[in-house]
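Chemist: Supplied in structure tokens, the structure appears directly below.
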Amino acid sequence: MSAGEDVILRLEGVTKVYSGMVALKHVSIDIRKGAVTVLVGENGAGKSTMMKIIAGVEQPTLGKIFLDGKEIRLSSPADAEALGISMVFQELNLLGNLSVAENIFMSREIRRGGIHIDHAGQDRQALALLDRLEAGIRPDMLVEDLMIGQQQLVEIARAVSLNSRIIIFDEPTSALSAAEVEVLFRVIADLKAQGVAIVYISHRLEELIRIGDFITVLRDGAVTGNERMANVDTKWIVRQMIGSDAKDFSKSVQHELGAVLLTCKDVTLPRATGGLAVDQVSFDVRAGEIFGIYGLMGAGRSELMECIAGRHPQAGGHITVAGRLVDRMDTAGRIAAGLAIIPEDRQRDGLVTILSIAANLTLSSLKNLASIFHIRPQDEMREVKQAISNLSIKAPHPEFEASSLSGGNQQKVVIGKALMTRPKILLMDEPSRGIDVGAKADVFRTMRKLAAEGIAIVFVTSDLDEVMALSDRIGVMSNGKMVGIYERNAVSETDIVAASAAGHKKAKAA
Ligand SMILES: Nc1ncnc2c1ncn2[C@@H]1O[C@H](COP(=O)(O)OP(=O)(O)OP(=O)(O)O)[C@@H](O)[C@H]1O
Ligand SMILES: [Mg+2]
Numbered sequence: 360m361s362a363g364e365d366v367i368l369r370l371e372g373v374t375k376v377y378s379g380m381v382a383l384k385h386v387s388i389d390i391r392k393g394a395v396t397v398l399v400g401e402n403g404a405g406k407s408t409m410m411k412i413i414a415g416v417e418q419p420t421l422g423k424i425f426l427d428g429k430e431i432r433l434s435s436p437a438d439a440e441a442l443g444i445s446m447v448f449q450e451l452n453l454l455g456n457l458s459v460a461e462n463i464f465m466s467r468e469i470r471r472g473g474i475h476i477d478h479a480g481q482d483r484q485a486l487a488l489l490d491r492l493e494a495g496i497r498p499d500m501l502v503e504d505l506m507i508g509q510q511q512l513v514e515i516a517r518a519v520s521l522n523s524r525i526i527i528f529d530e531p532t533s534a535l536s537a538a539e540v541e542v543l544f545r546v547i548a549d550l551k552a553q554g555v556a557i558v559y560i561s562h563r564l565e566e567l568i569r570i571g572d573f574i575t576v577l578r579d580g581a582v583t584g585n586e587r588m589a590n591v592d593t594k595w596i597v598r599q600m601i602g603s604d605a606k607d608f609s610k611s612v613q614h615e616l617g618a619v620l621l622t623c624k625d626v627t628l629p630r631a632t633g634g635l636a637v638d639q640v641s642f643d644v645r646a647g648e649i650f651g652i653y654g655l656m657g658a659g660r661s662e663l664m665e666c667i668a669g670r671h672p673q674a675g676g677h678i679t680v681a682g683r684l685v686d687r688m689d690t691a692g693r694i695a696a697g698l699a700i701i702p703e704d705r706q707r708d709g710l711v712t713i714l715s716i717a718a719n720l721t722l723s724s725l726k727n728l729a730s731i732f733h734i735r736p737q738d739e740m741r742e743v744k745q746a747i748s749n750l751s752i753k754a755p756h757p758e759f760e761a762s763s764l765s766g767g768n769q770q771k772v773v774i775g776k777a778l779m780t781r782p783k784i785l786l787m788d789e790p791s792r793g794i795d796v797g798a799k800a801d802v803f804r805t806m807r808k809l810a811a812e813g814i815a816i817v818f819v820t821s822d823l824d825e826v827m828a829l830s831d832r833i834g835v836m837s838n839g840k841m842v843g844i845y846e847r848n849a850v851s852e853t854d855i856v857a858a859s860a861a862g863h864k865k866a867k868a869a
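This is the structure in structure tokens:
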């Protein structure tokens with residue numbers, strides 16, 4: 360794999376040191392035109408840092424960057440954009456109070472006669488881009504009103520609109536549905552055919568293998584592998600990533616189930632646009648049980664979780680938490696009654712990035728610890744350290760600021776925070792989003808352990824392997840309805856997919 364004339368950008372011997380922490384150690388990478396280079400590695404391995412250096416967001420402590428064989432210096436994202444380099448960021452960078460079109464054209468507004476912003480022109484161009492991504496979003500919508508997956512599409516539209524020679528996608532699909540991923544892959548294939556160089560970061564290995572032409576693996580800030588994708592398989596990738604073969608998802612611990620802790624009876628949520636987002640859903644979950652909810656994006660899974668969490672006062676039906684009817688309670692009341700919630704949009708709902716890891720972890724549990732222990736700081740710190748180790752959060756110390764954690768490690772802090780409230784019932788929306796294969800096993804082990812201790816767990820996923828591996832019972836949702844509930848041991852993957860698809864067809868026919 361010698362450096363051919365296809366190489367458009369090269370990093371050579373790049374080291375990045377953040378106040379005492381070495382994020383990248385003498386790394387080199389070639390980015391080729393008309394090809395997809397994928398970048399993979401554990402949470403905190405240095406992937407985002409490496410790409411932020413190419414996008415001008417961070418400057419290397421040591422090392423060189425070459426574009427078309429000439430050394431360049433990038434002191435800002437504007438420098439990089441001027442040279443045709445754009446990036447879709449892992450933590451979305453949009454302004455919520457501006458429209459979709461305003462975000463797409465931010466800081467390079469289309470002007471009429473050089474003065475006034477041509478809003479109509481911007482809207483028209485934005486619409487063309489959004490249509491290409493089949494986003495179903497209007498350019499005049501406010502970004503804060505969009506679901507997180509839609510926001511991700513807006514970021515992608517912005518990066519694509521710059522007509523760049525190099526486009527970096529940092530975990531672009533973490534909140535996208537399977538159908539949206541397919542559209543993105545088609546767009547990437549088009550860009551590739553036009554000669555654009557693509558860098559693609561993801562934790563979904565199947566995605567990487569499918570889309571990548573070249574692969575670079577990072578571990579602890581160093582490159583451990585660099586190959587043509589055709590020459591490698593999943594096993595190789597995992598070995599370069601974690602230095603050993605993948606940990607298995609632990610098998611479930613045999614334990615007795617206890618009393619029913621959560622009951623949903625005819626839970627219903629009207630959609631703002633008419634119809635029902637959640638349609639008369641009923642189920643219950645017992646102490647010690649893991650109930651997995653499978654369904655495609657738009658099936659109403661997240662909305663059902665939000666109803667249970669008390670986010671929708673207008674929802675109908677009845678919900679009982681640990682024996683108490685919570686219909687009239689707000690979210691805080693339900694948390695006090697024993698619910699813990701790990702939301703879909705962790706950045707927005709879960710984390711205070713300017714606070715330390717320790718402060719974030721204890722944020723919701725303060726009252727709890729205070730009443731039991733009359734606030735004993737040493738107990739609190741012990742719990743914090745325990746959470747950091749259980750979830751393998753990669754940080755130099757507990758007082759490390761959350762904003763300086765890698766994306767995946769921020770996700771783990773949100774999970775840890777919910778666990779520290781000692782809930783009776785744990786609601787998890789896509790628990791494995793953004794976390795690497797090793798950490799996923801840690802999160803799953805933690806879920807199993809909690810179930811064995813008698814907590815009732817409800818989790819939502821669009822990953823079939825995950826729902827099969829973790830659940831005691833599986834509920835399948837489609838078009839707002841719970842179309843089937845199955846014992847894990849009495850159902851196959853094919854049954855689950857068929858149930859989900861049949862519900863979809865029936866709704867279309869109606
Ligand atoms: N501003 C910062 N200050 C201090 N350390 C930082 C800062 N930004 C990143 N780091 C550290 O650099 C290391 C690499 O982080 P990076 O975000 O590049 O990881 P990543 O490979 O993208 O991980 P993930 O898969 O979780 O997104 C991490 O240990 C992180 O805590
Ligand atoms: Mg990252």
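The numbers in my numbering rise by one with no breaks, and the one at position 195 of the sequence shown is 554. For each residue, glycine too, the CB sits at the ideal point set by N, CA and C. These figures come from a predicted structure and were not determined experimentally.
Tell me which same chain residues have a C-beta within less than 7 Å of the C-beta of Glu-703, skipping the five on either side of it?
Modeler: So the list reads Ile-507, Ser-661, Asp-788 and Glu-789, once near-sequence residues are dropped.
Chemist: Would Thr-690 and Gly-669 qualify as a contact pair, given that the criterion is a beta-carbon distance under 7 Å?
Modeler: Contact: yes.
Chemist: Tell me, to the nearest whole angstrom, how far the beta carbon of Gly-766 is from that of Glu-450; I am working on the premise that it is less than 8 Å.
Modeler: The pair is a contact, with the Cβ atoms about 6 Å apart (cut-off 8 Å).
Chemist: Let me make sure I understand the geometry here. Which of Ala-800, Ser-830, Ile-678 and Val-637 has the alpha-carbon closest to that of Asn-838?
Modeler: The option with the nearest alpha carbon to Asn-838 is Val-637.
Chemist: If you drop the 5 nearest sequence neighbours on each side, which residues of the same chain put their C-beta closer than 7 Å to that of Met-664?
Modeler: Leu-786, Asp-788 and Val-819, listed in sequence order.
Chemist: Among the candidates Ile-652, Lys-594, Thr-627 and Val-582, whose CA atom is the shortest distance from the CA of Gly-405?
Modeler: The residue with the shortest Cα to Cα distance from Gly-405 is Val-582.
Chemist: Please state if the CB of Ile-596 and the CB of Ile-525 are separated by a distance shorter than 7 Å.
Modeler: Cβ distance not < 7 Å, so Ile-525 and Ile-596 don't count as in contact.
Chemist: Taking the alpha carbon of Arg-882 as the point to measure from, which residue in Leu-433, Ala-518 and Asp-824 has its own alpha carbon closest?
Modeler: Within the shown structure, residues of the chain are numbered from 360 to 869, placing residue 882 beyond reach of any answer.
Chemist: So for Met-870, helix, strand or coil by DSSP?
Modeler: Given that the chain is displayed from residue 360 to residue 869, the structure contains no residue 870 and the question cannot be resolved.
Chemist: Please identify the residue among His-478, Asp-365 and Ala-518 whose C-alpha is closest to the C-alpha of Ala-437.
Modeler: The shortest Cα separation from Ala-437 among His-478, Asp-365 and Ala-518 belongs to Ala-518.
Chemist: Quick check on the DSSP output: what are the complete beta strand (DSSP E) runs of length 3 or more inside the stretch 678-704, in order along the chain?
Modeler: You should have 698-701.
Chemist: Could you spell out where the alpha helix (DSSP H) holding Thr-420 opens and where it closes?
Modeler: No alpha helix (DSSP H) holds Thr-420; DSSP gives it neither H nor E.
Chemist: Rounding to the nearest angstrom, what Cα-Cα distance links Glu-430 and Gly-651 in this structure?
Modeler: Taking the straight line joining both Cα atoms gives about 52 Å.
Chemist: Since Met-841 is in the beta strand (DSSP E), which residue starts that stretch and which ends it?
Modeler: Segment 840-846, the beta strand (DSSP E) holding Met-841.
Chemist: Considering Cα atoms alone, identify which of Leu-750, Phe-448, Gly-571 and Asn-452 is closest to Ala-589.
Modeler: Of the candidates Leu-750, Phe-448, Gly-571 and Asn-452, the one whose C-alpha sits nearest the C-alpha of Ala-589 is Gly-571.
Chemist: If I follow the unbroken beta strand (DSSP E) through Ile-557, where does it start and stop?
Modeler: Note, Ile-557: beta strand (DSSP E), 556-560.
Chemist: Could you check if Met-465 is buried or exposed, using at least 16 other CB atoms within 10 Å of its CB as the buried criterion?
Modeler: Counting Cβ neighbours within 10 Å, Met-465 comes out exposed, since fewer than 16 surround it.
Chemist: For Leu-728 and Ile-816, what's the separation of their Cα atoms in angstroms?
Modeler: Any answer about Leu-728 is weak, because its pLDDT of 47 lies below 50 and its placement is not dependable; what the coordinates show is given next. Cα to Cα, Leu-728 sits roughly 22 Å from Ile-816.
Chemist: I need the boundaries of the alpha helix (DSSP H) containing Glu-541, first residue and last residue.
Modeler: Where Glu-541 is concerned, the enclosing alpha helix (DSSP H) stretches over 537-552.
Chemist: Does any heavy atom of ligand 1 sit closer than 6 Å to the C-beta of Thr-408?
Modeler: Indeed, a heavy atom of ligand 1 lies less than 6 Å from the Cβ.
Chemist: Name the one or two DSSP bridge partners that Ala-815 has.
Modeler: Answer is Ile-784, bridged to Ala-815.
Chemist: So the alpha helix (DSSP H) Asn-719 belongs to, where does it begin and stop?
Modeler: Here the alpha helix (DSSP H) through Asn-719 covers 716-721.
Chemist: What are the start and end residues of each continuous beta strand (DSSP E) run of 3 or more residues lying completely inside the stretch 436-502, in chain order?
Modeler: Complete beta strand (DSSP E) runs here, min 3: 444-447.
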